[in-house]
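As structure tokens, the structure follows; a few thoughts come after it.
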Amino acid sequence: MASISAELQEQTASGVTASEIMVTAAAHEVRDGETAVVGIGLPQVACVLARMTHAPRLSTLLEIGVANMSPVDIAVGLADSRIFYRATCWSGFLDTLGMNLHRGVVDVGFIGGLEVDRFGNVNTTLTKEHGKEHWFNGSAGGNDVASLANRVVVIVRHGKRKLPEAVAYLTSPGFVNGRSRQELGLRGGGPHRVITDMAVLGFDNPSRTASLVSMHPGITVEQLLDNTGFPLEIPSPVPITPLPSKEELRLLREEIDPGKMYLR
Amino acid sequence: MASISAELQEQTASGVTASEIMVTAAAHEVRDGETAVVGIGLPQVACVLARMTHAPRLSTLLEIGVANMSPVDIAVGLADSRIFYRATCWSGFLDTLGMNLHRGVVDVGFIGGLEVDRFGNVNTTLTKEHGKEHWFNGSAGGNDVASLANRVVVIVRHGKRKLPEAVAYLTSPGFVNGRSRQELGLRGGGPHRVITDMAVLGFDNPSRTASLVSMHPGITVEQLLDNTGFPLEIPSPVPITPLPSKEELRLLREEIDPGKMYLR
Amino acid sequence: MPDKLKSVAEVVRSIPDGSHIALGGFAIARNAIVFAHEVIRQQKKNLTLSQGVMGMETDLLVGAGLVSKIIVGGGSLDRFGPVRCINRARDTGAIVHIDSSSLSLAFGYLAGALGISFIPIKSLLASEMMERLETAAPDYLRRGKCPFTGEEFVFLRGITPDVSVVHVPIADPNGNCWIHGPRWENEEQAKAGKRLVVVTEELVPTEYIQREPERTVIPGHRVEAVIHQPFGAHPTSVFGCYDYDADHLKLYAEYHKTPEKMNEYLQNYVFGTRDHWEYLEKVGGLRRMNEIKAEAIFGY
Amino acid sequence: MPDKLKSVAEVVRSIPDGSHIALGGFAIARNAIVFAHEVIRQQKKNLTLSQGVMGMETDLLVGAGLVSKIIVGGGSLDRFGPVRCINRARDTGAIVHIDSSSLSLAFGYLAGALGISFIPIKSLLASEMMERLETAAPDYLRRGKCPFTGEEFVFLRGITPDVSVVHVPIADPNGNCWIHGPRWENEEQAKAGKRLVVVTEELVPTEYIQREPERTVIPGHRVEAVIHQPFGAHPTSVFGCYDYDADHLKLYAEYHKTPEKMNEYLQNYVFGTRDHWEYLEKVGGLRRMNEIKAEAIFGY
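As given, the protein sequences belong to chains A, B, C and D, one line each in that order. Quick note: the first sequence uses my numbering, first residue 1, plus one each step. Quick note: the second sequence uses my numbering, first residue 265, plus one each step. Quick note: the third sequence uses my numbering, first residue 529, plus one each step. Quick note: the fourth sequence uses my numbering, first residue 829, plus one each step.
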């Protein structure tokens, strides 16, 4: 059991949710002045938080063709007009994914998926049961972002089936079979972080496999290993994910998502 | 000496200028509903005349990124804001020369040049004197239009040096050495007409060389041959270029170019 | 010119079975529902559909059993769930499906629009999508190297649909179109088509277009037909005109869960209506349309 | 953010000799004259310039002897004559000149902007331009075939200038730019640059940009520096702001006829002025600028 500081315990007690920890951890992955390609949901909220705190000059792009939106209403998806509001540029795929992402100027790309494996490979598309395929939405910009962003951050709920040894269908390449991005013929830097509701994983090791960066407060090593489909090296002492600061919590709860649309 | 009808003689007498005959002949080369890429000057005036007469649904594009302009003031060149007025689309090269011309949907392309030879090859760029080169403006969209338009119409003043056996520098291919466009690896249909202040030439013959389509009223065969740098087959009787109709003359003189900016 | 103004019925009549149609919607935004409904009424068969991110229009056509092949980047009904009719067809192998990415579709349309028969891209490499595409669709993509740098690329074949259909908020009778909000792949998709049909919410005089020609995303001379149909995208949204109809999308999300229910939906809302005006009456008419009408400042 | 607002002097100081600069003017429209003047004052040498259709800005830089190579489609001063300084340099072999076509430049920039190292085109084939380019610039283009159709193409290398400079009528402090009137190759040229500098006539608050984001041709996050200089393109025109100054262009067309006179021009109007405000005073000041100021409806 990882030891948690008194302050952390107090804050955890004060009811910080896993989503709030995830979104704050995601916000800390972007630096001021960078350009990020985001989806709707936690990544968008994380970027809003980052812009309101340490990264006021962060640029956020939606693949659909929206730059630096400042929505005043909660959007239900990428195609929801609410997310277009007060943008500084409306364009299209060719600009966002082409002249930015493919051009190599996107620093961080946030993606989700059905599965992510130990090499950071992501499956956005289908599941398999006894060899039978069940299709979901497909890649959309997921493969493009995974292939081309300088740093890829995967956001996914933690669970054995969500984090398997190997994805059922490799739609978005990470370090396939532990090979370097160059060997794979890919331009982007590949997976940088996997942020779940239990921990933050990274790939800064020679084997290019997921290793623990930090575990969220209140989670036990046992819980973590039980819910991870691949072996995970646990440093000791176990680093603990920093909780949101009081100001970050205030922004999230009072200004960014008061309706708890994303931060349940 | 070509015979001219009484009516023609009377109209010529009434002072129809060579420019007026040229511009009217050029207007007759476009059909209703077609798309033309034009430059400033006679081609632009010809298209305005065509739109006011037999081709109201003609679309005209300027390579700079202007569609269907209706200028109310005379422009001095392609970059003159006066030519942008009341357009229905402002875009750029990628749209006009790319997504239209290169896409293959431009029916007629008008070009000028320093020289045009018997195969309809055009030199837009330089002259040579005792091996020494003298550079002018260069191709700009000239090579693109000559390479890709379905029908190319060259507008040039008549003269031995303007219409040589072979151009000094082949910037815009016609039927190079009499070869077919397919043999040349080119998509566009190639030269269709050369319209000068003396005659209209065409290429509708097996040798793909310029032949006389019609001679302007008042011009003699002798004058024509003396001013042409390559052999020209003269049919007999010599077809005469139709003069502008009374209505065409009225439009040109009273509505399109009352200031005689182009129609001196 | 006025002769480009056509009814959706006559436009669809002019499209033969087996055509490749590029659709311009994105999930639940600017779907050409009025066009999809008419294609279903006229039972155009054996269609190939291409689209960056599929939405309800494509789900309807696949659900109606009229589609034999899709070339797509992805698709969903956003929070209203997956495109279940399409996913069923992929699960059962009822359709051929070329699944790539949003940018791959945009690049394919760009090449088609520019008249270049292929274009290099750095997506798809090292993925199982690539493995499947290389075997299933060698005429759609293949590996290649840059002649200058030697870098490995995927060469995508230019996509030139038989008909491109784009739903826009504003067009004039000549087909000059403006699009408010993001345009996803619409400009390239439109200009890649051998034929181009636009459905417009508002029909404006050319005079209006001439005020701000830099807004013209699709120049009229490329457009073959202009279909004027207010609320033609319902229940999907048209930014600046109206919001998506959450009630009807929830209803659809229930019906498309099974082929039987989906058929009921089609019988009721498509075959059961003679045209889009009748359809609009059935889904709430003037009162409902007024409820989803866009607020002036926000555009939704 | 405000820290992108820079003086032309500090921007030019940051550009090393030998840089490849893509200029955004077209003949006598939207030339970045304020930028060209400062490059001359600071005597940046051995420059490579690329441009679709060259105008006065490029003629000035070549006339000042600072250019060693040009990659261009064409160029002129419209009815004010040819770009004589450049033509002289081509005649005498004083510069390396890669002469192609307007579309070739646009395609090269497009490839550069998209991050693809080459793009196929059907221009240039069967011309003497092609023959010269194949021998003189094998790293700029070469022949190739479509892997799908076998059709012969010219493969153009993507162009990625060290610095792209675009003169626009409207920008905000973050670098979000609008362009009124035609844009020639500006969007691709801007986004192809490794660095991007914009010169703007009007500096507007971001609030203004957010009213019509579909007009943003260059998104701010790509822009490194914003130079705010009213009449910064004089004597060339900026549609919607002011007309070209025919008097001064006629004067320039006289001076650039010989190297000696051209040098006089540079001494008088460039070296003889500390900055663009001084230059503007010298060419007529407020009264003259008011005479060429655009009329609201016509934009010129």
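Every residue, glycine too, gets a C-beta built ideally from N, C-alpha and C.
Checklist entry - For the candidate residues C:V725, C:H762, C:G640 and C:R616, whose alpha-carbon lies nearest to that of I746 of chain C? => result Position 218 of the third sequence holds residue 746 of chain C. Measuring from the Cα of I746 of chain C, the nearest candidate turns out to be C:V725.
Item to check | Contacts around S928 of chain D, its chain only, beta-carbon distance under 7 Å, and the 5 residues preceding and following it disregarded | outcome: As a first step, residue 928 of chain D is located in the fourth sequence; it is residue number 100 there, counting from the start. Excluding its 5 nearest sequence neighbours in each direction, S928 of chain D has C-beta neighbours in its own chain below 7 Å: G901, L952, M957 and L961, listed in chain order.
Next on the checklist: Let me see if you follow: with CB-CB separation under 8 Å, is N1118 of chain D close to chain B or not?
Outcome noted: In the fourth sequence, residue 1118 of chain D corresponds to position 290, counting from 1. Put simply, the CB of N1118 of chain D is far from chain B, with every gap to its CB atoms at 8 Å or more.
Checklist entry - Listing by chain order, which chain D residues have their CB less than 9 Å from the CB of T576 of chain C? => result In the third sequence, the residue the question calls residue 576 of chain C occupies position 48. Annotation: T576 of chain C has no Cβ neighbours in chain D at a cutoff of 9 Å; minimum Cβ distance is about 17 Å.
Item to check | Residue(s) in a DSSP beta bridge with V895 of chain D | outcome: Residue numbering aside, residue 895 of chain D sits at position 67 when the fourth sequence is read from its first letter. D:L875.
Checklist entry - To which residues of the same chain is L513 of chain B closer than 6 Å at the C-beta, ignoring the five residues directly before and after it? => result The residue given as residue 513 of chain B occupies position 249 in the second sequence. Nothing listed; no residue qualifies.
Checklist entry - So, is M265 of chain B buried or exposed, given that buried needs 16 or more other C-beta atoms within 10 angstroms? => result For the purposes of this step, residue 265 of chain B is identified with residue 1 of the second sequence, where counting begins at 1. At M265 of chain B, the pLDDT of 37 sits below 50, so the modelled position is not reliable; the number obtained from the coordinates is stated separately. Within a 10 Å sphere around the beta-carbon of M265 of chain B sit fewer than 16 other beta-carbons, which makes this residue exposed.
Next on the checklist: Once DSSP output is grouped into helix, strand and coil, what is the label at Y637 of chain C?
Outcome noted: Along the third sequence, one-based indexing puts residue 637 of chain C at 109. Assigned with DSSP and collapsed to three states, Y637 of chain C falls in helix.
Item to check | With 16 other Cβ atoms within 10 Å as the buried cut-off, status of G621 of chain C | outcome: For the purposes of this step, residue 621 of chain C is taken as residue 93 along the third sequence, with counting starting at 1. Its Cβ having fewer than 16 others within 10 Å, G621 of chain C is exposed.
Checklist entry - Between the Cα of S765 of chain C and the Cα atoms of C:V539, C:A555 and C:V682, which residue gives the shortest distance? => result Residue mapping note: residue 765 of chain C aligns to position 237 of the third sequence, counting from 1. The closest CA to that of S765 of chain C, considering only C:V539, C:A555 and C:V682, is found on C:A555.
Checklist entry - Would Q1095 of chain D count as contacting chain A if we go by Cβ distances under 8 Å? => result As a first step, residue 1095 of chain D must be located in the fourth sequence, where it is residue number 267. The beta carbon of Q1095 of chain D sits no closer than 8 Å to any beta carbon of chain A.
Next on the checklist: For L49 of chain A and T88 of chain A, what's the separation of their Cα atoms in angstroms?
Outcome noted: By 1-based counting over the first sequence, the position of residue 49 of chain A is 49. By 1-based counting over the first sequence, the position of residue 88 of chain A is 88. For L49 of chain A and T88 of chain A, the gap between their C-alpha atoms comes out near 18 Å.
Checklist entry - Using a Cβ-Cβ cut-off of 6 Å (strictly less than) and excluding sequence neighbours within five positions of M582 of chain C, which residues of its own chain qualify? => result Within the third sequence, residue 582 of chain C is the residue found at index 54, counting from 1. So the list reads V600, G603 and V611, once near-sequence residues are dropped.
Item to check | Host beta strand (DSSP E) of P787 of chain C (start-end) | outcome: The residue given as residue 787 of chain C occupies position 259 in the third sequence. Unbroken run through P787 of chain C is the alpha helix (DSSP H), P787 to Y793; no beta strand (DSSP E).
Checklist entry - Within this structure, are the beta carbons of L1094 of chain D and A892 of chain D separated by less than 8 Å? => result Here residue 1094 of chain D corresponds to residue number 266 of the fourth sequence, with the count starting at 1. Here residue 892 of chain D corresponds to residue number 64 of the fourth sequence, with the count starting at 1. Less than 8 Å separates the beta-carbon of L1094 of chain D from that of A892 of chain D.
Next on the checklist: If I follow the unbroken alpha helix (DSSP H) through L1114 of chain D, where does it start and stop?
Outcome noted: The sequence position of residue 1114 of chain D within the fourth sequence is 286, counting from 1. Note, L1114 of chain D: alpha helix (DSSP H), G1113 to I1120.
Next on the checklist: Just to confirm before moving on: does the CB-CB distance between L731 of chain C and H756 of chain C stay below 8 Å?
Outcome noted: If you number the third sequence from 1, residue 731 of chain C lands on position 203. If you number the third sequence from 1, residue 756 of chain C lands on position 228. In this structure, H756 of chain C lies closer than 8 Å to L731 of chain C by Cβ.
Next on the checklist: Report the CB separation of G188 of chain A from R181 of chain A in whole angstroms; it is logged as a contact under 8 Å.
Outcome noted: Position 188 of the first sequence, counted from the start, is the residue given in the question as residue 188 of chain A. Position 181 of the first sequence, counted from the start, is the residue given in the question as residue 181 of chain A. Right, their Cβ atoms sit about 7 Å apart.
Checklist entry - Interface residues of chain B around R1043 of chain D at Cβ under 7 Å? => result Position 215 of the fourth sequence, counted from the start, is the residue given in the question as residue 1043 of chain D. What R1043 of chain D touches in chain B: nothing, since even the nearest Cβ is about 11 Å away.
Next on the checklist: Here's the rule I'm using: 16 or more other beta-carbon atoms within 10 Å means buried, otherwise exposed. How should I825 of chain C be labelled?
Outcome noted: Counting from one through the third sequence, the residue named residue 825 of chain C turns up at place 297. Residue environment: I825 of chain C is assigned as exposed (fewer than 16 neighbouring CB atoms within 10 Å of its CB, all protein chains considered).
Next on the checklist: Strictly under 8 Å for the Cβ-Cβ distance: is D985 of chain D near chain C by that measure?
Outcome noted: Locating residue 985 of chain D in the fourth sequence gives position 157, where the first residue counts as 1. Note on residue identity: the sequence assigns Arg, not Asp, to residue 985 of chain D. Output row for R985 of chain D: interface = yes.
Next on the checklist: Using C-beta distances below 7 Å, list every residue in its chain close to R86 of chain A, excluding the 5 sequence neighbours before and after it, in chain order.
Outcome noted: Here residue 86 of chain A refers to the residue found at position 86 of the first sequence. In its chain, beyond the 5 residues on either side, M69 and S70 have a beta carbon closer than 7 Å to the beta carbon of R86 of chain A.
Item to check | Burial state of K1089 of chain D, where buried means 16 or more other Cβ atoms lie within 10 Å | outcome: Taking the first residue of the fourth sequence as 1, we reach residue 1089 of chain D at position 261. Exposed, since its Cβ has fewer than 16 Cβ neighbours within 10 Å.
Next on the checklist: Can you look up S475 of chain B in the DSSP assignment and give me helix, strand or coil?
Outcome noted: Counting from one through the second sequence, the residue named residue 475 of chain B turns up at place 211. When DSSP states are grouped into helix, strand and coil, S475 of chain B belongs to the strand group.
Checklist entry - With respect to the beta strand (DSSP E) encompassing G373 of chain B, which residues constitute its N-terminal and C-terminal limits? => result Taking the second sequence and counting its residues from 1, the one referred to as residue 373 of chain B is at position 109. Going by DSSP, G373 of chain B is part of the beta strand (DSSP E) stretching over V372 to I375.
Checklist entry - In the segment 82–96 of chain A, which residues sit with their C-beta less than 7 Å from some C-beta in chain D, listed in chain order? => result Against chain D - using a Cβ distance shorter than 7 Å - the residues of the segment 82–96 of chain A are R86, A87, T88, C89 and W90.
Item to check | Coarse secondary structure for H192 of chain A, derived from DSSP in three states | outcome: For the purposes of this step, residue 192 of chain A is taken as the residue at position 192 of the first sequence. Judged by DSSP in its simplified three-state form, H192 of chain A adopts strand.
Checklist entry - Which residues of chain A have a Cβ atom closer than 9 Å to the Cβ of F759 of chain C, listed in chain order? => result In the third sequence, residue 759 of chain C corresponds to position 231, counting from 1. The premise fails here: F759 of chain C is roughly 15 Å from chain A at the closest Cβ pair, so nothing lies under 9 Å.
Checklist entry - Among D:D967, D:L1114, D:V1111 and D:L888, which one has its Cα closest to the Cα of T1086 of chain D? => result The residue you call residue 1086 of chain D lines up with position 258 of the fourth sequence. The residue from D:D967, D:L1114, D:V1111 and D:L888 with its alpha-carbon nearest to that of T1086 of chain D is D:L888.
Next on the checklist: If you follow the alpha helix (DSSP H) that V745 of chain C is in, where does it begin and where does it stop?
Outcome noted: Position 217 of the third sequence, counted from the start, is the residue given in the question as residue 745 of chain C. Bounds of any alpha helix (DSSP H) do not take in V745 of chain C; it lies within the beta strand (DSSP E) bounded by T744 to I746.
Checklist entry - Using the C-alpha atoms, what's the distance from W90 of chain A back to R711 of chain C? => result Counting from 1 along the third sequence, the entry for residue 711 of chain C is found at position 183. Counting from 1 along the first sequence, the entry for residue 90 of chain A is found at position 90. Those two C-alpha atoms are separated by around 7 Å.
Checklist entry - Once you ignore the five residues that flank R472 of chain B on each side, which residues in its own chain have a CB closer than 7 Å to its CB? => result Taking the second sequence and counting its residues from 1, the one referred to as residue 472 of chain B is at position 208. F383, F439 and G442.
Next on the checklist: Just list the residues that DSSP pairs S59 of chain A with in beta bridges.
Outcome noted: For the purposes of this step, residue 59 of chain A is taken as the residue at position 59 of the first sequence. Residue pairing by DSSP places S59 of chain A opposite A:T35 in a beta bridge.
Item to check | Euclidean distance between Cα positions of L232 of chain A and M817 of chain C | outcome: On the first sequence, position 232 is the one that residue 232 of chain A refers to. On the third sequence, position 289 is the one that residue 817 of chain C refers to. Cα-Cα distance, rounded: 54 Å.
Item to check | Chain-ordered neighbours of T435 of chain B on chain D, where CB pairs are closer than 9 Å | outcome: In the second sequence, the residue the question calls residue 435 of chain B occupies position 171. The answer, in chain order, is D927, S929, S955, E956 and M957.
Next on the checklist: Between the alpha carbons of G104 of chain A and G909 of chain D, how many angstroms are there, rounded?
Outcome noted: For the purposes of this step, residue 104 of chain A is identified with residue 104 of the first sequence, where counting begins at 1. For the purposes of this step, residue 909 of chain D is identified with residue 81 of the fourth sequence, where counting begins at 1. In this structure, the CA atom of G104 of chain A is about 41 Å from the CA atom of G909 of chain D.
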